[in-house]
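Undergrad: According to full-length UniProt numbering, the sequence shown is numbered sequentially starting from 1.
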Amino acid sequence: MLRAQPDNRIILGQSAPFTGPAAQLGIQFNRGAKLYFDQVNAQGGIHKRSVELVTLDDGYEPDRCADNTRKLLADDAFALFGYIGTPTSLAALPLATAAKTPFFAPFTGAMGLRQPFNRYAFHIRASYNDEAALIVRNLTTLGLQKIAVFYQNDAYGKAGLDGVQLALAKLNMKPVALATVERNSVDVAAAVQTLVAARPDAIVQISAYKSCAACIRTARKAGFGGTFFNVSFVGTQALADELGKDGAGVVVSQVMPSPYYAARAITREFVEAVKKAGGDHQANFSSMEGYLAAKVMAEGLRRAGPKPSQDTLVAGLETINNQSFGGFEVTFSPADHVASSFVELSMLTGDGRVRT
């Protein structure tokens, strides 16, 4: 099905949390993406079309996300872009697939969105399995064997938990304790009690920044002296902001190049763009992911040709093979739509910063 686009615009639809306890993830990703698309539009757009990002707030709730997605598709979004979260993306992807509309760069590493292969889903970040494998490898290398898991009681939390259990099982190990928190809640008292009672060496957290911060503070008050590890979705800067001095030593796995370390060209380009834009723009991992997602999407749109259709966009993206975006490697093919398996660890400092 060909979605008619105005001759002078390409409309991308994004449903994301712009309010609620996960709002910083949506806000920062969106700002990073708009930063790049604004640059593209200032230079005349792509094939003389400006790229417009239409956004709707879902508060990180799947039902609202599904409603938003129906609205965006009905309003002729050419592609869906930068959805935030696993439960929301799982609600949206079947709608995108039915409409034969590309679903590009969701901010999630869940395997449920990657397997089985979907012609319309494209991922630029590594999976939660990749992140969990690095975390477990790091912990066991340090001789830390007793690993507990604090996870969000939904598709995201379970996807991360699966990754940790898979990595531990390869070493004939299991988590010493499991405890959950509800999505968009900071009610962590019972979970912390369960976790601390097991006396773990480390707690791996798979939730969003508000609940993870609440868990860290409560566990520390209860006398837990071990380390905390988080996957990238937590929102690293948002977690650092929530924790302040209590963040010292908290580890977060990352699937994007560090915005704080200027070794890669993409970081220098991004930080320069943030400085130039000023205002509310910040250089952090979430905004970096939005910026890179927009950069890769723009390349796909260029390759889709002057009269783009959903099919030519899919085909265009599939020809991006072993391409370096300022030092971040992206590889798509007709059989594989996961661009990257890049993961590294970062650590929060007690002054609200991130060390990579």
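All C-beta atoms in this analysis are idealised placements derived from N, C-alpha and C, irrespective of residue type, glycine included. Please read these numbers as outputs of a predicted model, since none were measured by experiment.
Per the contact definition of three or more C-beta pairs closer than 8 angstroms, is the stretch 138-145 in contact with the stretch 189-202?
TA: Yes, since at least three Cβ pairs between the stretch 189-202 and the stretch 138-145 fall closer than 8 angstroms, the two stretches touch.
Undergrad: Helix, strand or coil: which one does DSSP assign to N321?
TA: DSSP places N321 in coil when its eight states are reduced to three.
Undergrad: Is the distance from the Cβ of A22 to the Cβ of Y83 below 8 angstroms?
TA: No. Outside cutoff.
Undergrad: Ignore the nearest five residues each way along the sequence and tell me which others in L134's own chain have a CB closer than 8 angstroms to its CB.
TA: Around L134: S253, V343, E344, L345.
Undergrad: Going by DSSP, name the residue or residues bridged to F107.
TA: Note: F107 sits in a beta bridge opposite I84.
Undergrad: Near L2, what residues of its chain come up, given a Cβ to Cβ distance below 8 angstroms and the 5 sequence neighbours on each side ignored?
TA: Below a pLDDT of 50, predicted positions are generally treated as unreliable, and L2, at 48, falls in that range; no measurement from the model is reported.
Undergrad: Which residues mark the beginning and the end of the alpha helix (DSSP H) in which S287 is found?
TA: 285-303 is the span of the alpha helix (DSSP H), which, as asked, contains S287.
Undergrad: Counting pairs of beta carbons, one from the stretch 92-100 and one from the stretch 238-245, are three or more of them closer than 8 angstroms?
TA: At 8 angstroms Cβ cutoff, the stretches do not touch.
Undergrad: For F342, name the three-state secondary structure that DSSP assigns.
TA: DSSP places F342 in coil when its eight states are reduced to three.
Undergrad: Among V188, T319, N284, D75, whose alpha-carbon lies nearest the alpha-carbon of G26?
TA: When only C-alpha atoms are compared, the closest one is N284.
Undergrad: Going by DSSP, which residues form a beta bridge with V204?
TA: V204 pairs with V149, F229.
Undergrad: For T319, which residues from the same chain have a beta carbon less than 7 angstroms from its beta carbon, with the 5 sequence-adjacent residues on both sides left out?
TA: Here the set comprises R303.
Undergrad: Give me, in chain order, the residues of the same chain whose beta-carbon lies closer than 7 angstroms to that of V40; leave out the 5 immediate sequence neighbours on both sides.
TA: I46, V51, A298, listed in sequence order.
Undergrad: So what does A16 bridge to, in DSSP terms?
TA: Answer by DSSP bridge pairing, in chain order: D57.
Undergrad: Taking a contact to mean a Cβ-Cβ separation below 8 angstroms, would you say I206 touches V250 in this structure?
TA: Cβ atoms of I206 and V250: not closer than 8 angstroms.
Undergrad: Just how far apart, CA to CA, sit D7 and A79?
TA: One C-alpha to the other measures close to 16 angstroms.
Undergrad: So does the stretch 101-113 actually touch the stretch 166-184, counting three or more Cβ pairs closer than 8 angstroms?
TA: No, the stretch 101-113 is not in contact with the stretch 166-184.
Undergrad: Leaving out five residues on either side along the sequence, give the residues of the same chain with a beta carbon under 7 angstroms from the beta carbon of R355.
TA: Excluding positions up to five away in sequence, the list reads S346, M347, T349.
Undergrad: Does the count of Cβ pairs from the stretch 260-276 and the stretch 326-344 closer than 8 angstroms reach three?
TA: With the cut-off at 8 angstroms, the stretch 260-276 and the stretch 326-344 touch.
Undergrad: Throw me the rounded Cβ distance for the L243 and A219 pair, which I believe falls under 8 angstroms.
TA: Not confirmed; about 12 angstroms, so no contact.
Undergrad: Could you check whether L73 and A99 sit closer than 8 angstroms to each other, using their CB atoms as the reference points?
TA: For A99 and L73, yes; Cβs fall inside 8 angstroms.
Undergrad: According to DSSP, is L142 part of a helix, a strand, or is it coil?
TA: Coil, per DSSP.
Undergrad: Whose C-beta lies closer than 7 angstroms to the C-beta of S333 among residues of the same chain, with five residues either side of it excluded?
TA: Excluding sequence neighbours, S333 sits near E318, N321.
Undergrad: Ordered along the chain, which non-local residues of its own chain (more than five positions away) have a Cβ less than 8 angstroms from that of A248?
TA: Cβ neighbours of A248 beyond the five flanking positions: L348, T349, G350.
Undergrad: Would a C-beta distance cut-off of 8 angstroms place F122 and Q14 closer than the cut-off?
TA: Their beta carbons are not under 8 angstroms apart, which means F122 does not touch Q14 by this criterion.
Undergrad: Out of L12, L56, D58, which one is the CA nearest neighbour of F37?
TA: For the residues L12, L56, D58, the minimum Cα distance to F37 belongs to L12.
Undergrad: Below 8 angstroms on the Cβ atoms is my contact criterion, and I expect V186 with A214 to pass it. Report the Cβ-Cβ distance as a whole number of Å.
TA: About 4 angstroms separates the two Cβ atoms, so the contact holds.
Undergrad: On the DSSP bridge list, what partners appear for D336?
TA: Paired residues: S333.
Undergrad: In the DSSP assignment, find the unbroken beta strand (DSSP E) run with V251 in it and report its ends.
TA: Here the beta strand (DSSP E) through V251 covers 251-254.
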